[in-house]
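Asks: Have a look at the structure that comes next, please.
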Amino acid sequence: MGVHGVVPESAGGKFARTHFLRLNYNSVTNTSLVICRLFTGRTHQIRVHVQYLGYPIVDDPLYNSADWGELKGKGANYGMTLEEVVQRLSDSRNREKYRIQETDEKLESSLDPNVLERLQLCKDPLCPDCKLTFKDPKMNNLILRLHAYRYSGSDWCYSAPLPSWVINENVPDLHGAIEEAMKQL
1 MGVHGVVPES
11 AGGKFARTHF
21 LRLNYNSVTN
31 TSLVICRLFT
41 GRTHQIRVHV
51 QYLGYPIVDD
61 PLYNSADWGE
71 LKGKGANYGM
81 TLEEVVQRLS
91 DSRNREKYRI
101 QETDEKLESS
111 LDPNVLERLQ
121 LCKDPLCPDC
131 KLTFKDPKMN
141 NLILRLHAYR
151 YSGSDWCYSA
161 PLPSWVINEN
171 VPDLHGAIEE
181 AMKQL
């Protein structure tokens, strides 16, 4: 399992820059609504940077995990070697709760033969990952409170409506606050 984290350029890391600005703090949930601007596009960049700052995304099952140590990776302080972090992450994601140990025979015997035939065409017999079966994730692991509000280039722009968890933060003139924050970033 590969791990994305803050690694100094001198140690082989790639330069990555993200600017953050807090829009709202909710004292009841001890959470903040922030807007960010990426200047580079690295894998998991926002998630890694907020973890490093000590404010991992509230429901992030990977970067807001105790597997990163007592401080959850704040300041790249794991309280253990990076190799130990990788092992802990790997162990916690390969536990029985994620993998179904029994074979597909039970499931296959209950399927309509025509459906089974079509499903078997989708499997590559030489692919080791195709033989793994996983339990359905819990609903709270299907939502990550990270949203791309706007994505743009020199001659194009895409924006998406805000999700309910942002709207529920009760920020006065939320769209205006976002536009103003974007000017500051």
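Numbered per the UniProt record's numbering, the sequence shown finishes at 185, counting up by one with no gaps.
Backbone N, C-alpha and C define an ideal beta-carbon position, used for all residues, glycine too.
1. Which two residues bound the contiguous beta strand (DSSP E) that contains residue 186?
2. Could you check the C-alpha separation between R128 and D60 for me, to the nearest Å?
3. What does the alpha-carbon distance come out to for the pair M1 and V48?
4. For S27, which three-state DSSP category applies?
5. Determine, using beta-carbon pairs with one atom in the region 19–39 and one in the region 177–185, whether at least three such pairs fall under 8 angstroms.
6. Answer yes if the region 158–172 comes into contact with the region 143–150, meaning at least three C-beta pairs across the two stretches below 8 angstroms, and no otherwise.
7. In chain order, what residues of the same chain lie with their CB nearer than 6 angstroms to the CB of D67, ignoring the 5 residues before and after it?
8. Can you tell me the Cα-Cα spacing of G13 and V6, whole angstroms?
9. From this set, R17, V86, H175 and S10, which residue's C-alpha is nearest T40's C-alpha?
10. Ends of the beta strand (DSSP E) at G153?
11. What would DSSP say about L185, mapped onto helix, strand or coil?
12. Pull the bridge partners of L62 from the DSSP assignment, please.
Replies: Answer, in terms of the structure:
1. This structure cannot settle anything about residue 186, because the visible part of the chain is limited to 1 through 185.
2. A quick correction: the sequence has Pro, not Arg, at residue 128. For P128 and D60, the distance between alpha carbons rounds to 28 angstroms.
3. For M1, the predicted structure reports a pLDDT of 42, less than 50, and the residue's modelled location is therefore unreliable. A value from the coordinates is still provided. Their Cα atoms are separated by approximately 16 angstroms.
4. coil
5. yes
6. yes
7. R88, L89 and S92
8. 8 angstroms
9. R17
10. R150 to G153
11. coil
12. Beta-bridge pairing links L62 to no other residue.
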